[in-house]
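Report on the following structure.
Protein chains: 2
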Amino acid sequence: MNQTDPTSDPTLDSPPRPTAGELEILGVLWDRGPSTVREVHEHLAADRAVGYSTVLKLLQIMLSKGLVTRNERFRSHVYAASSPAEQTQRQLVDHLLDAAFGGSASQLVLRALSDRPTSPEELAEIRRLLDDIEGDPP
Amino acid sequence: MNQTDPTSDPTLDSPPRPTAGELEILGVLWDRGPSTVREVHEHLAADRAVGYSTVLKLLQIMLSKGLVTRNERFRSHVYAASSPAEQTQRQLVDHLLDAAFGGSASQLVLRALSDRPTSPEELAEIRRLLDDIEGDPP
DNA sequence: CTTGACCTACGAAGATCTTCGTATACAATC
DNA sequence: GATTGTATACGAAGATCTTCGTAGGTCAAG
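Line by line, the protein sequences are chains A and B.
The number in our numbering is simply the position in the first sequence, starting from 1, with 20 added.
The number in our numbering is simply the position in the second sequence, starting from 1, with 20 added.
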């Protein structure tokens, strides 16, 4: 194999949807920014029992999938999420929309809002978003 | 087999979160109502290649998990979703909220709405929901 | 009663995810 | 240069999901 077949170059595809464990790690990276394995492990271990080498292995897999990047300039490699939270969240919502809501965003919103107590500030923010959308139609 | 051991009666726990394949089947059952394996299979096979016994097996597993019920009165067993769409959708949104949005419903709503073109009707429906929530605070 | 059509039950293979033990590398210190 | 602490790499086991082949039961028609 030689030059890049555009259809099979992994760096060109957006990374796959993260699994549950991967998402947990991404959450830490989004919060903290670029981190070493040790740092990620410490954060996760605060919540639940998990071994160091489990986190390491997961990060290596995530690297091979393109979910994270890593900087090897230091002895302790530094990992960072390769996509911002917004983009991955969008991807996840998109998937859920298709898989469980027949594509109806309003149904999903309905469930989300009737699901948990939502603060007045959040409600206001959503109204603002609706105004935006309706005021500036595609 | 005899009487039910109450500690292992699957009907007492709420059913677990369905997997991707299970969700696909639930979609058919929610749409069509109670259906035979054949009917479910026909619907799925219209979209993608899948064997009859795959669908059967999946339904049997779903039965053991409590995701569906079945009526054996006829030669062809009739399966039905054991929870309404709303409840399962709520469960899925709940999970996604925790796993990817740090529990912030408004963030999820934001992603959902900015994600896809949403029809004016849907937007209006969401506004109505907001009015409901704000008009009748907990 | 035999055959054919249709149905359920069962087992098992292959894929993916999660988890971790252990081997190996490296750098600093004695 | 041997030792010790810290890192990464690797392999493999166990769990769950997906998929389907095939055996075996039942009913109606011949």
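Every residue, glycine too, gets a C-beta built ideally from N, C-alpha and C.
Since the structure is predicted, the reported quantities are computational estimates derived from the model, not experimental observations.
For a Cβ distance threshold of 9 Å, nothing in chain B lies close to A:SER84: the least Cβ distance comes to about 21 Å. Using a Cβ-Cβ cut-off of 7 Å, A:SER126 counts as an interface residue toward chain B, since at least one Cβ of chain B sits closer than that to its own. DSSP places B:ARG90 in the strand class (E or B) of the three-state scheme. Annotation for B:VAL70: no beta strand (DSSP E) segment contains it, and DSSP assigns it neither H nor E. Close to A:VAL129, with beta-carbon spacing below 7 Å, are these residues of chain B in chain order: VAL129, ALA132, LEU133 and ILE146. B:LEU79 is the residue among B:LEU79, B:VAL129 and B:ASP151 whose C-alpha sits nearest the C-alpha of B:VAL98. In this structure, the alpha-carbon of A:ASP67 lies about 16 Å from that of B:ALA120.
In this model, B:PRO38 and A:ARG58 are separated by some 34 Å (Cα to Cα). Pairing B:SER134 with A:GLU142 gives a Cβ-Cβ distance that is not under 7 Å. Under a criterion of Cβ atoms nearer than 7 Å, the residues of chain A adjacent to B:ALA40 are, in order, ALA119. Judged by pairs of C-beta atoms under 8 Å, the stretch 88 to 102 of chain A does not touch the stretch 100 to 109 of chain B, as fewer than three such pairs exist. Within chain A, the residues ASP135 have their CB atoms less than 7 Å from the CB of B:ASP114, given in chain order.
Within the same chain, LEU83, HIS97, VAL98 and TYR99 come within 7 Å of A:ARG90 by CB-CB distance, once the 5 residues on both sides are set aside. Taking a contact as a CB-CB distance under 8 Å, the pair B:LEU150 and A:ARG147 counts as one, their CB atoms being some 6 Å apart.
Taking the C-beta atoms as reference points, B:ALA132 is found nearer than 7 Å to A:LEU128. Using a Cβ-Cβ cut-off of 7 Å, A:GLN109 counts as an interface residue toward chain B, since at least one Cβ of chain B sits closer than that to its own. Each of A:GLN109, A:ALA144, A:LYS85 and A:GLY123 was checked against the Cα of B:GLN109, and the nearest Cα belongs to A:GLY123. By the rule that beta-carbons nearer than 7 Å mark a contact, A:LEU150 touches chain B.
Looking only at B:PRO140, B:GLY41 and B:THR138, the smallest Cα-Cα distance to B:ALA69 is reached by B:GLY41. Restricting attention to A:SER55, A:ASP152 and A:PRO140, the CA atom closest to the CA of B:PRO137 is found in A:ASP152. Counting of Cβ neighbours within 10 angstroms places A:GLY47 among the buried residues, the total reaching 16 or more.
Interface residue (Cβ-Cβ distance to chain A less than 7 Å): B:GLU142 is classified as such. At a Cβ-Cβ threshold of 7 Å, B:LEU116 and A:LEU64 do not count as neighbours. Identification of residues in the stretch 42 to 62 of chain B having a C-beta nearer than 7 Å to some C-beta of chain A yields LEU43, given in sequence order.
As computed with DSSP, A:ALA100 is found in a beta bridge with A:THR89. Nearest neighbour of A:PRO140 by Cα position, chosen from B:ALA144, B:GLU154 and B:GLU62, turns out to be B:GLU154. Interface annotation, A:THR138: in contact with chain B, CB-CB separation under 7 Å. An exposed status is given to B:SER34, since fewer than 16 other beta-carbon atoms sit within 10 Å of its beta-carbon. Look at B:SER134 here: in three-state DSSP terms it is helix. Sequence-distant Cβ neighbours of B:VAL75 in its own chain, meaning closer than 8 Å and more than five residues away, are ILE45, VAL57, VAL60, HIS61 and LEU64.
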